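A short write-up of the structure that comes next.
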C-alpha cells in the first residue's frame, strides 16, 4: 500500500494526510471597496454651453461609508472649463449603488479641443477615479427645438386631446 503524505505548514504546525484525493479550498480576501464610473464617459459640448455626466459609485464586498468626491481641477486661465459635482459626499450603503452629477461648463473662449479629466472619490485609505473625456466644439447660433408628445393624435369632434410640448435650448438660446 502506497502512502502519499501531504505536508501543510500552518502557523508553525505540520500535519500529515492519508493517501487519496483531497480538495484544496482557497479563498481570496474580500476587502470592502468601491468602484467608480462615468455615464456617459465621453461628451461633446459646444463652446459656451454645459455638459453633464452621471458618476456611478458601486459598493464591492460589503463596503459601506462616506465617499468624498472631488471634481477635476480647473485651470485659472480665461476660457478654461469649470467643473462642479453634486453631491460632494456620497453615503454608500453595503452592496448598493449611488450617483452624483458632474457638470462641465465651457465659455465662448474655451479652446476647441478634447479634454481628459477625472472625478476622484476617496474614503479613508481608498481612492478611485472615473475618467471623463469631453470635446469642445464650435457652437452655432443660438436656437431652440420644439417637440410634441404624442406628435400626432386623433380627436373625435366635441372631445379634447392633450399633447406635451417640449422646448429645448440649443447653443445657449435664452429668449421668449
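Numbering (our numbering), first residue to last: 1370 to 1545. Here a beta-carbon is modelled for each residue, glycine too, at the ideal position from N, C-alpha and C. Computed from a prediction, not measured in an experiment: that's the story for all the values here.
Asked: Which word fits residue 1514, buried or exposed, when buried means at least 16 other C-beta atoms lie within 10 angstroms of its C-beta?; Found: exposed
Asked: For the beta strand (DSSP E) that contains residue 1451, what are its first and last residues?; Found: 1451 to 1455
Asked: Just verifying my parser: in three-state terms, what is the DSSP assignment at residue 1525?; Found: coil
Asked: By DSSP, does residue 1442 sit in helix, in strand, or in coil?; Found: coil
Asked: Among the candidates 1399, 1415, 1434 and 1479, whose CA atom is the shortest distance from the CA of residue 1506?; Found: 1415
Asked: What are the partner residues of residue 1483, as DSSP defines its beta bridges?; Found: 1504
Asked: Roughly how many angstroms separate the alpha carbons of residue 1467 and residue 1404, rounded to a whole number?; Found: 11 angstroms
Asked: When DSSP builds the beta bridges, which residues end up paired with residue 1510?; Found: None; residue 1510 has no bridge partner.
Asked: Residue range of the beta strand (DSSP E) that residue 1419 falls in?; Found: 1419 to 1429
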